[in-house]
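Residue numbers (this note's numbering): 1323 to 1648.
Quick reminder that beta carbons are idealized off the backbone N, C-alpha and C, glycines included.
Before any comments, here is the structure.
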C-alpha cells in the first residue's frame, strides 16, 4: 500500500519516509567533504609533532582530538549556514555536495506532496556532528549542534515575518543509523495542531518552549531512522533530540523548504527557488551561483555583526505558553 505522505504529515505533524536517498550517491559525498575539512583543520590546529599521527586516525578520532584542543566554534566548520555572530573570518560548510542535496529531486518530490510544486530552499538549515555525550564538556551538553537539542518548534527560530506566514517544512536527514541510544529526535505527536507556542531563551542561546515541563504529560514518540530515510517535520511540531548515550557518532542534517513567495524568516541569508512548474523561475542552477549568494549575504551581515536574531519571547504575554494551550 502506497504511503500517503500528506495525510500522515497533517495527522501527526511529521512523516518518516523510508529509503529515499542512496548512501553512495547522495550522502557519502558529503561525508567525504567533511573528512576533507577535518584534515584541513588538523593541518591548521594540531602541533607539528602530532600532525602525522592524527592524520592517520579515523574521522571520529580526529574530531575527538580536535575537541580536546578547545578550538573556538569547532562545530561551525561543519555547519551548513553562517554562524549567528558573524565576522570577516567566519567559516561555514558549503560544498558542491551540499548544494546537490538541497536540489535533490528525490527530496523535492516528497516535499512537494506537502508544499506543492512551487518550493524554495530556506536558509534555516544545520548539520550536526554529535559525539558520545560522555566526551562532551558540561558547557556544551545542551548545545543543539553537538549535544542535546531542547524542546522547540522550528517556526520559533524564524523572525516575526517568517513566524506569521511562512509554511516551512524541515527535511531531517540521518547520515548514521539513529536510535534512542544515540540521540534520535523525540516529538510530541499531533502537537503541530496547537499552532505556534511561546518560546524563550534556552541553553547556549537557543530557543526553548516556555512551560516545557508539561510535555511530560503529553504523548511523545521516538523518531528513529535508518540511513537513506528522511523525516519531514511541520514548523509547529514540538520536538527535541535525546542525548547520545552510545559509543558512536550521530551525524545528521536538517534542510528546510518553504512555499515560494513566502518570507524566509532569515533575511538576508539566501532563499531561492528549487522546484517550479515554470523552469524559468529557477535562477540558481549551479554551485558557483549558490556560494556567491552566501558570500554576498555574509558581506551584508558583517557590518552589523549578526546574521539573524530570535524574537524572544515569541509572545509578550503568557496566553500562548504551552500549559495554557494544551
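Distance between residue j and residue i (C-alpha atoms, nearest Å)
{"i": "residue 1429", "j": "residue 1511", "result": "23 Å"}
{"i": "residue 1387", "j": "residue 1574", "result": "21 Å"}
{"i": "residue 1374", "j": "residue 1368", "result": "9 Å"}
{"i": "residue 1636", "j": "residue 1520", "result": "5 Å"}
{"i": "residue 1455", "j": "residue 1505", "result": "9 Å"}
{"i": "residue 1649", "j": "residue 1355", "result": "Here the chain has residues from 1323 to 1648 only, and residue 1649 is not among them."}
{"i": "residue 1344", "j": "residue 1549", "result": "8 Å"}
{"i": "residue 1621", "j": "residue 1539", "result": "46 Å"}
{"i": "residue 1578", "j": "residue 1647", "result": "26 Å"}
{"i": "residue 1470", "j": "residue 1526", "result": "11 Å"}
{"i": "residue 1337", "j": "residue 1370", "result": "48 Å"}
{"i": "residue 1364", "j": "residue 1329", "result": "47 Å"}
{"i": "residue 1606", "j": "residue 1592", "result": "11 Å"}
{"i": "residue 1432", "j": "residue 1372", "result": "46 Å"}
{"i": "residue 1436", "j": "residue 1457", "result": "39 Å"}
{"i": "residue 1604", "j": "residue 1594", "result": "8 Å"}
{"i": "residue 1581", "j": "residue 1352", "result": "26 Å"}
Nearest-angstrom beta carbon gap, residue j and residue i [assumed within contact, 8 Å]
{"i": "residue 1380", "j": "residue 1596", "result": "Actually they do not touch by this definition, with Cβ atoms about 34 Å apart."}
{"i": "residue 1341", "j": "residue 1551", "result": "7 Å"}
{"i": "residue 1397", "j": "residue 1468", "result": "5 Å"}
{"i": "residue 1533", "j": "residue 1633", "result": "Not a contact, Cβ separation roughly 18 Å."}
{"i": "residue 1445", "j": "residue 1403", "result": "6 Å"}
{"i": "residue 1401", "j": "residue 1414", "result": "6 Å"}
{"i": "residue 1508", "j": "residue 1542", "result": "5 Å"}
{"i": "residue 1547", "j": "residue 1553", "result": "6 Å"}
{"i": "residue 1559", "j": "residue 1447", "result": "About 17 Å; that fails the 8 Å criterion."}
Residue environment, residue i, which counts as buried when at least 16 other CB atoms sit within 10 Å
{"i": "residue 1410", "result": "exposed"}
{"i": "residue 1325", "result": "exposed"}
{"i": "residue 1427", "result": "exposed"}
{"i": "residue 1628", "result": "exposed"}
{"i": "residue 1496", "result": "buried"}
{"i": "residue 1514", "result": "buried"}
{"i": "residue 1565", "result": "buried"}
{"i": "residue 1484", "result": "buried"}
{"i": "residue 1524", "result": "buried"}
{"i": "residue 1490", "result": "buried"}
{"i": "residue 1453", "result": "buried"}
{"i": "residue 1619", "result": "buried"}
{"i": "residue 1587", "result": "buried"}
Limits of the alpha helix (DSSP H) - the one that residue i falls within
{"i": "residue 1330", "result": "1327-1334"}
{"i": "residue 1387", "result": "1381-1390"}
{"i": "residue 1373", "result": "1370-1377"}
{"i": "residue 1610", "result": "1609-1623"}
{"i": "residue 1433", "result": "1427-1437"}
{"i": "residue 1423", "result": "1418-1424"}
Local conformation of residue i per DSSP, three classes
{"i": "residue 1510", "result": "strand"}
{"i": "residue 1449", "result": "strand"}
{"i": "residue 1480", "result": "coil"}
{"i": "residue 1538", "result": "helix"}
{"i": "residue 1412", "result": "coil"}
{"i": "residue 1444", "result": "strand"}
{"i": "residue 1724", "result": "No information on residue 1724 is available, as it lies outside the stretch 1323 to 1648 that the chain covers here."}
{"i": "residue 1473", "result": "coil"}
{"i": "residue 1581", "result": "strand"}
{"i": "residue 1499", "result": "coil"}
{"i": "residue 1464", "result": "coil"}
{"i": "residue 1347", "result": "helix"}
{"i": "residue 1338", "result": "strand"}
{"i": "residue 1456", "result": "helix"}
{"i": "residue 1407", "result": "strand"}
{"i": "residue 1637", "result": "coil"}
{"i": "residue 1486", "result": "helix"}
{"i": "residue 1515", "result": "helix"}
{"i": "residue 1644", "result": "helix"}
{"i": "residue 1545", "result": "strand"}
Span of the beta strand (DSSP E) around residue i
{"i": "residue 1522", "result": "1521-1523"}
{"i": "residue 1352", "result": "Residue 1352 -> not in any beta strand (DSSP E); alpha helix (DSSP H) instead, spanning 1350-1367."}
{"i": "residue 1571", "result": "Unbroken run through residue 1571: none, as it is neither H nor E."}
{"i": "residue 1553", "result": "1552-1556"}
{"i": "residue 1603", "result": "Here residue 1603 belongs to no beta strand (DSSP E), and DSSP marks it neither H nor E."}
{"i": "residue 1595", "result": "1594-1597"}
{"i": "residue 1563", "result": "1561-1563"}
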